[in-house]
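**Q**
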Amino acid sequence: MKKIVLVYISLCLMASILSAKEIYGLKSRSGGGTQFNTPVYLYKFNDSGAELILIGTVLKSDTQTQMQVDALACSDSLGLWCFDVSSAGQSVLYRLNPATAQTIGDGVIFPQRRFFGAAFDRFDRLWALDLFEGFLVTIDMETKTEVSCLKLALDDMPFTDVSAGGDIAFNDRHGVYLVLSNDIYHVNLCSGQMTKEYQDTVSAPYTQYFVGAAFASETPDWLYVFECNDNSGIDNDDIFRYDLADAFSRTTSYLGIFPEFNAGRGDLATGFPASSTTGSPDMNHNGCVNLLDFNLFSPQWGQSGGPADLNLDSRVDSQDMLLLAMQWLCEVY
12 MKKIVLVYIS LCLMASILSA KEIYGLKSRS GGGTQFNTPV YLYKFNDSGA ELILIGTVLK
72 SDTQTQMQVD ALACSDSLGL WCFDVSSAGQ SVLYRLNPAT AQTIGDGVIF PQRRFFGAAF
132 DRFDRLWALD LFEGFLVTID METKTEVSCL KLALDDMPFT DVSAGGDIAF NDRHGVYLVL
192 SNDIYHVNLC SGQMTKEYQD TVSAPYTQYF VGAAFASETP DWLYVFECND NSGIDNDDIF
252 RYDLADAFSR TTSYLGIFPE FNAGRGDLAT GFPASSTTGS PDMNHNGCVN LLDFNLFSPQ
312 WGQSGGPADL NLDSRVDSQD MLLLAMQWLC EVY
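Just so you know, we're using the numbering used here here: the sequence shown kicks off at 12 and counts up by one.
(1) Leaving out five residues on either side along the sequence, give the residues of the same chain with a beta carbon under 6 Å from the beta carbon of V69.
(2) What is the DSSP secondary structure of N57, reduced to helix, strand or coil?
(3) Compare the Cα-Cα distances from D293 to each of G267, L334, S329 and report the closest residue.
(4) Between F134 and F251, what straight-line distance do the alpha-carbon atoms span, to the nearest angstrom?
(5) With 16 as the cutoff for other CB atoms within 10 Å, does S159 come out buried or exposed?
(6) Using the Cβ count rule (16 or more neighbours within 10 Å means buried), how would you classify T149?
(7) With DSSP as the reference, label F251 as helix, strand or coil.
(8) Tell me the residue span of the beta strand (DSSP E) that contains S291.
(9) Starting from N182, trace the beta strand (DSSP E) both ways and give me its first and last residue.
(10) Can we say the segment 97-110 touches the segment 118-127, given the rule of at least three CB pairs closer than 8 Å?
(11) From S329 to D172, what does the alpha carbon distance come to, in whole angstroms?
(12) Please name the residue, chosen from P109, K71, Q75, N108, that lies closest to D95 on a Cα-to-Cα basis.
(13) From this set, S309, G282, G298, which residue's C-alpha is nearest D58's C-alpha?
(14) Taking only three categories from DSSP, how would you classify P270?
(15) Considering S264, what are the terminal residues of the beta strand (DSSP E) in which it resides?
(16) Quick one: is A319 buried, meaning 16 or more other Cβ sit within 10 Å of its Cβ, or exposed?
(17) By the 10 Å Cβ neighbour count, where 16 or more other Cβ atoms means buried, how is W233 classified, buried or exposed?
(18) With a threshold of 7 Å on Cβ separation, who are the neighbours of R326 within its own chain once the five nearest residues in sequence on each side are excluded?
(19) Decide if I64 is buried, meaning its Cβ has at least 16 other Cβ atoms within 10 Å, or exposed.
(20) With DSSP as the reference, label D194 as helix, strand or coil.
(21) So for D278, helix, strand or coil by DSSP?
(22) Let me know the secondary structure DSSP gives P310 once reduced to three states.
(23) Relative to the alpha-carbon of S98, which residue among N48, W92, L140, I34 has its alpha-carbon at the smallest distance?
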């Protein structure tokens, strides 16, 4: 009987640990102005608001040298990834060990890209934010290549930002959000249009500067944001929680994190539960279902499996066509 009780208690403890999903974050040392430098800390916390845990300084595993990384992204199945942005002419994609903060394997170079925000969608596509050029880029993680490039727009005008900040976050209840400066935008993946939904003026005249964003998995209305306002003499490098179901009401989750240095940049990331019941009707991986996807779908009619087998029943037929039609002109993430 005692053994049964102990097993039950152990299972309950495991369930309580797993129920609060971890959110990972980066904090880099300020290099002055909009620049940042090493060290870059990797840390984590969870949806329950438990203690912030420092994992370590991000290091390149083969040389044990410190790295300037940003654009942190997390996948339940693919793990933790980031971009080395130390070179102005490129971004280099690396996988991170979430237990040691060290890289795993070699990096993949993306020339002429400056990625400072990133997130995975439910289909394990990596979306990376290049605000210098105003693009949201989709990366196929099997080939580690760009497969689509969405031009961002605000008020029907092309949008760019050279401050090297910002981040994106995906959520199946609210969609895709982009944070930048003290603004929170919703992004339409079909058009690239950004709609400002909230501006944080609580700390005026010291404007917030948002650099990281991640939705809570257990409470999908909660959007966590990391801000790194570098005004001296005030608390900075804070993590806020915005409740989208309550007019973006703000709660301070962590104030002045890791105060041994002032942040230059940072990021937040959490895993988006992967889709296991259906495939993606977004055949060309651009975030929107339209005629281009139908043109890729139709030649696969009658085949046994493949990308067009959306209901995963090993045959491309009318049931798959129905799934595609149901999401016609819709965003898919």
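All residues carry an ideal CB built from backbone N, CA and C; glycine is no exception.
Fair warning: this is a prediction, and the values are worked out from it, not measured in the lab.
**A** Based on what the coordinates show:
(1) Along the sequence shown, one-based indexing puts residue 69 at 58. If we look at V69 and ignore the five residues flanking it on each side, its Cβ neighbours are V51, L53, M78, V80, A112.
(2) Position 46 of the sequence shown, counting from 1, holds the residue named residue 57. Reduced to three states, the DSSP call for N57 is strand.
(3) What you label residue 293 is simply residue 282 of the sequence shown in a count that begins at 1. Measuring from the Cα of D293, the nearest candidate turns out to be L334.
(4) Numbered from its first residue, the sequence shown carries residue 134 at position 123. Numbered from its first residue, the sequence shown carries residue 251 at position 240. If you take the alpha carbons of F134 and F251, they lie about 28 Å apart.
(5) Locating residue 159 in the sequence shown gives position 148, counting from the first residue. By the 10 Å Cβ count, S159 comes out buried.
(6) If you number the sequence shown from 1, residue 149 lands on position 138. Buried.
(7) The count along the sequence shown starts at 1 and reaches residue 251 at position 240. Three-state result, F251: strand.
(8) Numbered from 1 along the sequence shown, position 280 holds the residue referred to as residue 291. Element bounds for S291: n/a, residue is neither H nor E.
(9) What you label residue 182 is simply residue 171 of the sequence shown in a count that begins at 1. Run containing N182: 178-182, per the beta strand (DSSP E) assignment.
(10) yes
(11) Sequence index remark: in the sequence shown, residue 329 carries index 318 (1-based). Sequence index remark: in the sequence shown, residue 172 carries index 161 (1-based). When rounded, the distance between both Cα atoms is 45 Å.
(12) Position 84 of the sequence shown holds residue 95. Nearest C-alpha to D95: K71.
(13) Locating residue 58 in the sequence shown gives position 47, where the first residue counts as 1. Closest by alpha carbon: G282.
(14) Locating residue 270 in the sequence shown gives position 259, counting from the first residue. If DSSP states are grouped into helix, strand and coil, P270 belongs with coil.
(15) Looking up residue 264 in the sequence shown gives position 253. Per DSSP, S264 belongs to the beta strand (DSSP E) from 260-265.
(16) Working through the sequence shown from its first residue, we reach residue 319 at position 308. Label assigned to A319: buried.
(17) Here residue 233 is taken as the residue at index 222 of the sequence shown, counted from 1. With 16 or more other Cβ atoms within 10 Å, it is buried.
(18) Within the sequence shown, residue 326 is the residue found at index 315, counting from 1. Here the set comprises S315, D320.
(19) Locating residue 64 in the sequence shown gives position 53, where the first residue counts as 1. By the 10 Å Cβ count, I64 comes out exposed.
(20) Taking the sequence shown and counting its residues from 1, one reaches residue 194 at position 183. Note: D194 maps to strand in three-state DSSP.
(21) Residue 278 sits at position 267 when you count from the first residue of the sequence shown. It is a strand residue.
(22) Here residue 310 corresponds to residue number 299 of the sequence shown, with the count starting at 1. If DSSP states are grouped into helix, strand and coil, P310 belongs with the helices.
(23) For the purposes of this step, residue 98 is identified with residue 87 of the sequence shown, where counting begins at 1. The residue with the shortest Cα to Cα distance from S98 is N48.
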